[in-house]
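This is the structure:
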């Protein structure tokens, strides 16, 4: 009987040890896949989608912005530049900065093409960025207020 118990204990110990090693190996192999490295300094063209507030559905606002965005990475900071189409209709464009919606900086305006380029900093391009826009169409008396999120593709 003792011999059977010793073999059983030995078998259980070996089994637990193998399970522990296999679990550690799985976590060791998965860690590099889940951690995204910061992009190297440079300027990148990055596709993105404007999503309806708190959803994965594309917002109407998506059609008022050109693709791709220009993202400049320098010293760990990500500065995004977007071109706004129908600039005269987009009366407000704000992006969340440190928990507060702030006007995006207007870099340039092209009245002939009715566009403007705006820029803003994004702490983490892998996280949806809260934004807000107002579209005003005076001829029909329409003003739309849109809470949205910007979701960027990987660099």
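Numbering (the working numbering), first residue to last: 80 to 234. Each residue gets a CB set at the ideal place from its N, CA and C atoms; glycine is no exception.
Open item on the list: Using only the alpha-carbon positions, how far apart do residue 203 and residue 140 sit?
Closed with: Numbered from 1 along the chain shown, position 124 holds the residue referred to as residue 203. Numbered from 1 along the chain shown, position 61 holds the residue referred to as residue 140. Using only the alpha carbons, I get a separation of about 22 Å.
Open item on the list: On the criterion of 16 or more Cβ atoms from any shown chain inside 10 Å, does residue 221 qualify as buried, or is it exposed?
Closed with: As a working note, residue 221 is residue 142 in the chain shown. The residue is exposed, with fewer than 16 neighbouring Cβ atoms inside 10 Å.
Open item on the list: Just to confirm before moving on: does the CB-CB distance between residue 163 and residue 148 stay below 9 Å?
Closed with: Start at 1 with the first residue of the chain shown, and residue 163 comes out as number 84. Start at 1 with the first residue of the chain shown, and residue 148 comes out as number 69. Not a contact, by the Cβ cut-off of 9 Å.
Task: residue 228, buried or exposed, once every other Cβ within 10 Å from all chains shown has been counted against 16 - done: Taking the first residue of the chain shown as position 1, residue 228 is located at position 149. Label assigned to residue 228: buried.
TODO: Please classify residue 187: is it buried, with 16 or more other beta-carbons within 10 angstroms of its beta-carbon, or exposed?
DONE: Locating residue 187 in the chain shown gives position 108, where the first residue counts as 1. Answer is exposed; the Cβ neighbour count stays below 16.
- [ ] Within its chain, find whatever has a CB closer than 7 Å to the CB of residue 167; leave out the 5 residues flanking it on each side and keep chain order.
- [x] Within the chain shown, residue 167 is the residue found at index 88, counting from 1. Once the five neighbours on either side are set aside, the close Cβ partners of residue 167 are 193.
TODO: Evaluate residue 104 with the Cβ neighbour count: other Cβ atoms within 10 Å of its Cβ, from every protein chain shown; 16 or more gives buried, anything less gives exposed.
DONE: The residue you call residue 104 lines up with position 25 of the chain shown. A caution first: residue 104 carries a pLDDT of 47, below 50, which makes its placement in the model unreliable, though a value can still be read off. Result: exposed.
TODO: Would you kindly report the start and end of the unbroken beta strand (DSSP E) that includes residue 226?
DONE: In the chain shown, residue 226 corresponds to position 147, counting from 1. First-last of the beta strand (DSSP E) with residue 226: 221-231.
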